[in-house]
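The opening residue of the sequence shown carries number 1 in full-length UniProt numbering; numbering runs sequentially from there. Don't be surprised by glycine CBs; every beta carbon is placed ideally from N, CA and C. Only a predicted model underlies this, so the values are computations on that prediction, with no experimental measurement involved. Beneath this line is the structure, given in structure tokens, with notes to follow.
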Amino acid sequence: MVALGGIIILGILAQWVAWKFKIPAILPLILIGLLVGPFAAEYLSHDGTKWIEPIWNGKEGLFPGESLFYFVSLAISIILFEGGLTLKINEIKNVGPVITKLITLGSVVTFFGAAIAAHYVFYLTWEISFLFSALIIVTGPTVITPILRNIPLKKDVSAILKWEGILIDPIGALVAVLVFEFISVGAGGEFTKTALIEFGKIVLFGFTFGFTFAHALNFIINKKLVPHYLLNVFALAAVLGVFILSDVFAHESGLLAVVVMGMVLGNSKSPYLKELLYFKESLSVLLISILFILLAANINFEDLLLVYNWNAAILFACVVFIIRPIGVFLSTQGSKLRLKEKLFISWVGPRGIVAAGIASLFGLTLADKGVTDAKYITPLVFMIVLGTVLLNATTARLFAKLVGVFLEKSGGILIVGASKVSRLLGHYLETNGRHVVLIDSNERNIEKARELGLEAISTNIYSDTLMDNIELSDVGYLMALTGNSDINKYAIEKFGNQFGENGSFRLITTQEMLDQDFSNHPKEGLFSHRDDFNSLLELSRRHPSIQEIDLTDKAHYESLIEITNNDDDIIPLFIKDIEGELHIISSFGLNIVEKIKDGFQLVYLGKPFDVEKVPTVENSSLGKE
């Protein structure tokens, strides 16, 4: 009881430490596992026993016999299912051919390159070498996301790394399963069955069961055949059932089945999908915490000594500094990525839960069967996992600055609310070269934003999902534009530090607008002292367009602002400088006003200016949206 409770407590503590210091959770989890396992037995325990013994040895331990491996298999199936839920077909299409090449050509390069390196550096058999290379194909979003979350990068770079991590997980798992099956067929003496037939069975049953039961579960959920309070646990039972059933028909096909099941469900129109995803994310965090500590603790000190030599360092260097860059450069050949971006993608390639979990499962299984060199699989893969995570977690930010992909100024804009006003502003900003992301919990507003080609995220402002979105790493401005003043204030308080480093703004409330003492108005007030959400929304209905008017100097700007103060059909929004840079107008003004000169423009929402009302403006050119 103490050991089991200790694992959960230590696991959640490690997750908190990872959050606090902005590092991948896998790092403290593995270190804790090694501490309470092999290091405790060697240095800390007076009787040479581990503080936590995963496998029952007749006197102590949590899992008797092969129960640990059954638990590992079931846990990985849930984690992979959760990963499949996050895959959206439309988003996959948008990331371009680079992603496709990375998960195909890049995987092939890693598969053969790492196998050759393992064979000639560690003198492993070819079978074990290829199993090792299959296991380290995967990178994984659970380790990439924390590393990239706080590095301001160009959207394309962060998106490539994110989607590579998600898509390559099932591919690496499938390749590892196929190689394992190939070894098992030979090791078991079942020479009457060819490995090719076994591979075919894995693919056939994996896809069939995953696709079929995903639609069945979706039907049951949408028809409300299961009460709401049982929805999440019923889905969990269904995932485990599909994994086991598929595995019965074709050994090791369960992992593929749950990934396919997750992908199909993730792209369905089920209204309960978001709730299901939240539950699976929480469950995955708990399982990952338990799993890594168990797997690391299960390693013996003798296993660590197997890789405590220069050969391990050489193999690590080959994988990280030779094979990964070759795969990336071949996959990005002909793309629009610049050399510095290719170098950064080559540098960031940490391995995660799938590699460590399946390595422990397959490595110890083959070792029990007496397969030559199988004892090297688990420690070697753990060495790659721990080494790559430690390297990338400590150097990714520095390397981004070194090669020049680190964005010194985050120019992206996060708009809270996707109403008509937000969509108008977002469309204008996007066409003027700014990365814009709209968020809203109203699905209809999100759909309309996406129809305009805008990036829009359906989310609840009170959830933490935005904090983990690495594609928002280039966002430096926050604009809260909802009709709910409480939500606007909350958005500034919660996300201002992360997404508003260059400026956090919100609309003033109706009550604030009525206060004629402008000094009482909030410093983050947006656009003007006299316009709240209702006035913006009403104007966007009467004049749904963004206008531009040329400026000559500061006095000219101030005369135009004076006109807007007496005209309900005009609301100033931005100042566009000579370089085309947009500066958000706040109700308390902005520093750029002092620098206004000929060539600047005032950007506003509403009807075109009547230039005859502005004596200082002659022959002004009015640009429409």
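DSSP three-state label for residue i, please.
i: His119; result: helix
i: Leu68; result: helix
i: Glu455; result: strand
i: Arg149; result: coil
i: Phe63; result: strand
i: Phe406; result: coil
i: Ile137; result: coil
i: Ile55; result: strand
i: Ala25; result: coil
i: residue 713; result: Residue 713 is absent from the structure shown; the chain starts at 1 and stops at 625.
i: Leu217; result: helix
i: Thr104; result: helix
i: Asp169; result: helix
i: Ala250; result: coil
i: Ile345; result: helix
i: Asp532; result: coil
i: Asp303; result: helix
i: Gly96; result: coil
i: Ser270; result: coil
i: Ile244; result: helix
i: Asp156; result: helix
i: Pro379; result: helix
i: Lys50; result: coil
i: Lys201; result: helix
i: Ile7; result: helix
Taking the C-alpha atoms as reference points, what is the distance between residue i and residue j?
i: Lys269; j: Ala480; result: 28 Å
i: Glu190; j: Ser73; result: Summary for Glu190: the model assigns pLDDT 49, below 50, so the residue's position carries little reliability; its value from the coordinates is reported in the next sentence. If you take the alpha carbons of Glu190 and Ser73, they lie about 24 Å apart.
i: Ser346; j: Arg541; result: 49 Å
i: His46; j: Leu390; result: 31 Å
i: Gln15; j: Phe292; result: 11 Å
i: Gly404; j: Leu343; result: 10 Å
i: Gly165; j: Ile136; result: 12 Å
i: Asn534; j: Gly483; result: 7 Å
i: Val157; j: Tyr43; result: 44 Å
i: Thr208; j: Ala257; result: 8 Å
i: Glu581; j: Thr564; result: 22 Å
i: Phe111; j: Ala18; result: 30 Å
i: Val109; j: Thr378; result: 22 Å
i: Ile546; j: Val603; result: 7 Å
i: Ala449; j: Leu539; result: 19 Å
i: Ile151; j: Leu402; result: 13 Å
i: Thr510; j: Gly426; result: 23 Å
i: Ile197; j: Tyr272; result: 38 Å
i: Ile571; j: Pro608; result: 11 Å
i: Glu181; j: Leu424; result: 56 Å
i: Gly599; j: Lys554; result: 12 Å
i: Lys154; j: Leu339; result: 14 Å
i: Phe243; j: Val98; result: 31 Å
i: Gly206; j: Phe499; result: 41 Å
i: Gly476; j: Gly412; result: 6 Å
Determine the extent of the alpha helix (DSSP H) in which residue i is found, giving its start and end residues.
i: Tyr557; result: 554 to 564
i: Ser422; result: 420 to 431
i: Gly363; result: 353 to 368
i: Lys280; result: 273 to 298
i: Asp486; result: 485 to 499
i: Gly580; result: Looking at the DSSP string, Gly580 is not in any alpha helix (DSSP H), and its letter there is neither H nor E.
i: Pro350; result: No alpha helix (DSSP H) holds Pro350; DSSP gives it neither H nor E.
i: Asn311; result: 310 to 317
i: Ser331; result: 324 to 331
i: Thr510; result: 510 to 514
Tell me, which residues are paired with residue i by DSSP?
i: Leu80; result: Leu80 is not bridged to any residue.
i: Asp550; result: Gln601
i: Ser586; result: Leu526
i: Pro572; result: Tyr604
i: Leu438; result: Ile415, Ala456
i: Ser504; result: Leu478
The beta strand (DSSP E) that contains residue i, what's its start and end?
i: Gly476; result: 475 to 480
* Asked: Does the pairing of the segment 483 to 492 with the segment 407 to 422 give three or more beta-carbon distances under 8 Å?
  -> These segments touch.
* Are three or more beta carbon pairs between the segment 140 to 149 and the segment 317 to 332 nearer than 8 Å? -> no
* To do: Examine the Cβ distances between the segment 437 to 445 and the segment 453 to 461 and report whether three or more of them are shorter than 8 Å.
  => yes
* **Cβ contact check for the segment 99 to 106 and the segment 276 to 292: 3 or more pairs under 8 Å** => no
* Asked: So does the segment 244 to 259 actually touch the segment 228 to 235, counting three or more Cβ pairs closer than 8 Å?
  -> Not touching, per the Cβ criterion.
* Asked: Okay, do the segment 169 to 178 and the segment 353 to 370 touch, 3+ Cβ pairs below 8 Å being the bar?
  -> yes
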